[in-house]
Amino acid sequence: MSKFLDPIAGFGVTFSTMFKKPNTEYYPEEKTPTAPRYHGRHQLNRHPDGLEKCIGCELCAWACPADAIYVEGADNTASERYSPGERYGRVYQINYLRCIGCGLCIEACPTRALTMTNEYEMADDNRADLIYDKDRLLAPLEPDMTAPPHPMAPGTTAEDYYRGTVTAASADTPAAEAEDDERQVEVSETIRKEEARW
Ligand code: SF4
Ligand code: SF4
Numbered sequence: 001m002s003k004f005l006d007p008i009a010g011f012g013v014t015f016s017t018m019f020k021k022p023n024t025e026y027y028p029e030e031k032t033p034t035a036p037r038y039h040g041r042h043q044l045n046r047h048p049d050g051l052e053k054c055i056g057c058e059l060c061a062w063a064c065p066a067d068a069i070y071v072e073g074a075d076n077t078a079s080e081r082y083s084p085g086e087r088y089g090r091v092y093q094i095n096y097l098r099c100i101g102c103g104l105c106i107e108a109c110p111t112r113a114l115t116m117t118n119e120y121e122m123a124d125d126n127r128a129d130l131i132y133d134k135d136r137l138l139a140p141l142e143p144d145m146t147a148p149p150h151p152m153a154p155g156t157t158a159e160d161y162y163r164g165t166v167t168a169a170s171a172d173t174p175a176a177e178a179e180d181d182e183r184q185v186e187v188s189e190t191i192r193k194e195e196a197r198w
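Everything in the sequence shown is counted per the UniProt record's numbering, starting at 1 for the first residue and increasing by one.
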């Protein structure tokens, strides 16, 4: 008896959906907006004057369960400054063949340099193009930003940037550069001493 009713039960689903309004999506002609917190393509953010927020610390790479992020940090110098403070992310790559969109990397980032956009159109026909480099991850420059490398705003420190007190780009700052030079020498000296200790 139950075997006899099985096809009827199966058709029950068909009949119940036959009279519902079709839910057809006309992608890619018509794009439906994602949920506001959808985990799409990552973005490396900038400070309001254009300097990069990434400090090359690699915490995002260590937090990633899929081993999808590769970071190489480097030292800022007086003549070539990409971020406030000592270090910046010289190489930054995300492998979207591996990424599972979990968002652990953005939770790990101490400077809010890394966030995720709602962009999901990342399909491609080859593996190499799905490894996104810094050039495709960096946020675009806003009209009042200056492209790095450039010095920090006059009279400011990295802490001012992290506290959000720097709000726009400014002209070159030779004084800050000199200050920066001194700081770089101090940092190198400390590193040398640390290395000698080990
Ligand atoms: S979203 Fe998850 S899987 Fe993708 S890069 Fe970040 S931590 Fe790795
Ligand atoms: S994105 Fe954030 S966590 Fe990753 S290297 Fe840059 S500063 Fe560190």
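Glycine residues also receive a C-beta, built at the ideal position from the N, C-alpha and C atoms.
Y92 and T146 have their C-alpha atoms roughly 20 Å apart. In the structure shown, the three-state DSSP call for M116 is strand. Under the criterion of beta carbons closer than 8 Å, E107 and A63 qualify as touching, at roughly 7 Å. Following the DSSP letters along the chain, one finds R136 inside the alpha helix (DSSP H) bounded by residues 134-137. Counting the other CB atoms within 10 Å of its CB gives P65 a total below 16, which places it among the exposed residues. When secondary structure is reduced to three states using DSSP, V13 falls in the helix class.
It is roughly 46 Å from the alpha-carbon of A78 to the alpha-carbon of K31. Beta-bridge partners assigned by DSSP to E72: V91. Less than 9 Å divides the Cβ of R98 from the Cβ of D67.
Per the DSSP secondary-structure output, I131 pairs in a beta bridge with N95.
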